[in-house]
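> Start counting the sequence shown at 38; every next residue gets the next number (our numbering).
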Amino acid sequence: MRRYASGELRLLNRMAISPHLRQVDLANDLGVTRSAVNQIWTKLERECELRVRSKIDYAALDLRHIAGWVSDNELSHALEKFNNWLESNPFIISSQESVMTSGMDHRVLFEILAPEGRHLSHITRQLERFTKRPYSLTVNYDLVHHESVHFNLGLFDGNNWDFEGGFRLGATISAAKSYADVLPSYTSDSTDESQDFDFTDIMIALALGNDYHLASSDIRKLASNLGYSVPSGRTLRRKINRIKESIAKPYLSIQNIGLSTPFTLCLERRENDNLPRLMHAQAESLPKSRVLSGSKFVLMLLEIPESIEWVALSQIFSEMVGLSTNMCTFIAQNYPRTLEIEELLIRLM
Numbered sequence: 038m039r040r041y042a043s044g045e046l047r048l049l050n051r052m053a054i055s056p057h058l059r060q061v062d063l064a065n066d067l068g069v070t071r072s073a074v075n076q077i078w079t080k081l082e083r084e085c086e087l088r089v090r091s092k093i094d095y096a097a098l099d100l101r102h103i104a105g106w107v108s109d110n111e112l113s114h115a116l117e118k119f120n121n122w123l124e125s126n127p128f129i130i131s132s133q134e135s136v137m138t139s140g141m142d143h144r145v146l147f148e149i150l151a152p153e154g155r156h157l158s159h160i161t162r163q164l165e166r167f168t169k170r171p172y173s174l175t176v177n178y179d180l181v182h183h184e185s186v187h188f189n190l191g192l193f194d195g196n197n198w199d200f201e202g203g204f205r206l207g208a209t210i211s212a213a214k215s216y217a218d219v220l221p222s223y224t225s226d227s228t229d230e231s232q233d234f235d236f237t238d239i240m241i242a243l244a245l246g247n248d249y250h251l252a253s254s255d256i257r258k259l260a261s262n263l264g265y266s267v268p269s270g271r272t273l274r275r276k277i278n279r280i281k282e283s284i285a286k287p288y289l290s291i292q293n294i295g296l297s298t299p300f301t302l303c304l305e306r307r308e309n310d311n312l313p314r315l316m317h318a319q320a321e322s323l324p325k326s327r328v329l330s331g332s333k334f335v336l337m338l339l340e341i342p343e344s345i346e347w348v349a350l351s352q353i354f355s356e357m358v359g360l361s362t363n364m365c366t367f368i369a370q371n372y373p374r375t376l377e378i379e380e381l382l383i384r385l386m
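Structural data, given as structure tokens:
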């Protein structure tokens with residue numbers, strides 16, 4: 038991991054708090070020139086994949102976000118068949134395999150994005166097929182009702198993460214459990230499912246998901262690559278602003294910052310439990326996290342320093358959720374394999 042200079046760290050902290058700000062606004066807030074911000078930003082883009090991404094309210098676009106995991110006692114032939122299906126499915130937006138799990142099994146985490154209707158029905162039928170002979174895999178999946186993304190740079194000094202001393206995971210979990218009843222109840226991300234969005238809006242939203250600060254010229258270039266016509270400049274800019282105001286929520290994304298171990302927590306929910314409230318609230322205290330919750334499960338995807346013992350971290354989470362909750366943690370092989378935006382858009386046209 039590279040060491041981050043004080044100027045770089047100041048910029049990253051400001052971006053983590055207000056990821057919607059453009060370079061000129063960041064310069065004003067930090068009391069420096071726009072040129073200085075641009076120089077640091079460009080350097081971090083090149084060396085650390087700095088980007089402002091967006092969390093998208095897919096339901097408002099009439100798209101369904103499904104997440105889940107499949108498991109078997111080992112990396113079996115059936116699990117390889119499932120992996121082959123994932124790789125060939127045009128609506129798989131992410132997949133990730135385990136290296137080691139607390140359940141001593143082998144797991145594959147996956148996410149799907151598909152339109153309501155025949156495509157979604159076909160996907161769910163295929164998922165159910167893998168639970169039956171000759172595969173007999175354990176498949177857990179559900180619609181994602183809420184997604185939260187967090188990046189807490191308060192534990193980072195530019196070179197090291199104060200994860201063990203300053204983090205105090207056990208204490209923060211105990212505190213979160215004590216006020217779980219008053220935490221927000223996460224049922225659905227959708228802000229207004231009655232809004233009338235067309236394919237241009239879907240294209241804009243997915244593009245902003247990858248880069249929140251894309252200009253209208255970038256959207257026009259993407260549309261040209263797809264052979265699709267978009268509205269005039271003013272109308273297109275108005276559509277971009279509408280998406281940003283309603284269904285695209287920006288967040289900071291960066292690599293090469295000392296969080297080199299992908300750690301995933303899978304929780305099967307009980308009826309009327311507080312797991313989504315606890316996990317979404319707890320995620321704010323973690324260095325880098327993403328939480329997906331549905332009616333049947335909660336998934337927490339973390340990136341942690343190599344120095345952290347994942348078994349000890351698993352034990353802390355186990356004590357948090359209790360023995361009655363079916364929980365598994367695992368270390369992933371690498372960061373999730375993701376689908377290119379243009380590939381997905383072609384399938385949605």
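Where a beta carbon is used, it is the ideal one built from N, C-alpha and C, also for glycine.
Return the Cβ separation of S254 and A260 in integer angstroms, given the expectation that the two are a contact with Cβ distance under 8 Å.
Rounded, the Cβ-Cβ distance is 11 Å, inconsistent with contact.
> Compute the Euclidean distance between the alpha carbons of A242 and I284, then round it to the nearest angstrom.
A242 and I284: Cα-Cα distance of roughly 8 Å.
> Check for me: the beta strand (DSSP E) holding F188 runs from which residue to which?
First-last of the beta strand (DSSP E) with F188: 183-188.
> Comparing C-alpha positions only, which one of P152, M240, H143 sits nearest to F119?
It is H143 whose Cα lies nearest to the Cα of F119.
> Using a Cβ-Cβ cut-off of 7 Å (strictly less than) and excluding sequence neighbours within five positions of R47, which residues of its own chain qualify?
If we look at R47 and ignore the five residues flanking it on each side, its Cβ neighbours are L67.
> Based on Cα-Cα distance, which residue from E184, M141, Y41 lies nearest to R317?
Just to set this straight, residue 317 is His in the shown sequence, not Arg. The option with the nearest alpha carbon to H317 is E184.
> Sorry if obvious, but does the Cβ on E134 come closer than 7 Å to a heavy atom of the ligand MN?
With respect to small molecules bound, the structure shown includes none, and the ligand MN cannot be examined in it.
> Kindly list the residues whose CB is nearer than 7 Å to the CB of M38, restricted to its own chain and excluding five residues on each side of it in sequence; keep chain order.
Around M38: N293, I294, G295.
> How would you label D99, buried or exposed, when you count the other beta carbons within 10 angstroms and need 16 or more for buried?
It counts as exposed.
> Going straight from the alpha carbon of I341 to that of Q370, what length do you get?
Between I341 and Q370, the C-alpha separation is close to 14 Å.
> Using only the alpha-carbon positions, how far apart do R306 and L336 sit?
Roughly 10 Å between the two C-alpha positions.
> With Q319 as the anchor, note down where its beta strand (DSSP E) starts and where it stops.
First-last for Q319: 312-320, but that is the alpha helix (DSSP H), not the beta strand (DSSP E).
> With a CB to CB cut of under 7 Å and the five nearest residues on each side skipped, what residues in its chain are close to G270?
Taken in chain order, the residues that qualify are S253.
> By Cβ distance below 8 Å, which residues in the same chain neighbour L381 in space, the five residues on each side in sequence not counted?
The residues are P127, F128, I130, L150, L243.
> So, is the C-beta of N196 closer than 8 Å to a C-beta in chain B?
The structure shown contains no chain B, having only a single protein chain.
> Can the beta-carbon of T375 be found closer than 8 Å to that of L338?
No, the pair does not count as a contact, with Cβ atoms beyond the cut-off.
> Could you have a look at H102 and say whether DSSP puts it in helix, strand or coil?
H102: strand per DSSP, three-state reduction.
> Give the single residue among I93, P287, E45, V69 whose Cα lies nearest to the Cα of E84.
E84 has its Cα closest to that of E45, out of I93, P287, E45, V69.
> As a quick exercise: from Q60, S351, L81, pick the residue whose alpha carbon is nearest that of V74.
The option with the nearest alpha carbon to V74 is Q60.
> Below 8 Å between beta carbons: does that hold for G105 and Y178?
Yes, the pair counts as a contact, with Cβ atoms nearer than the cut-off.
> From the DSSP output, read off the bridge partner residues of P152.
Bridge partners of P152: L100.
> Can you tell me whether DSSP reads E111 as helix, strand or coil?
In the structure shown, E111 sits in coil (DSSP, three-state: anything other than H, G, I, E or B).
> What did DSSP end up calling E165 once you bin it into helix, strand or coil?
Correct three-state label for E165: helix.
> Spatial neighbours of T22 within its chain, please: CB distance less than 6 Å, with the 5 preceding and 5 following residues excluded, ordered by chain position.
What is shown of the chain runs 38 to 386, which leaves residue 22 out entirely.
> Considering only the beta carbon of each residue, do L245 and I280 sit closer than 8 Å?
Against a cut-off of 8 Å, the Cβ pair of I280 and L245 comes out as a contact.
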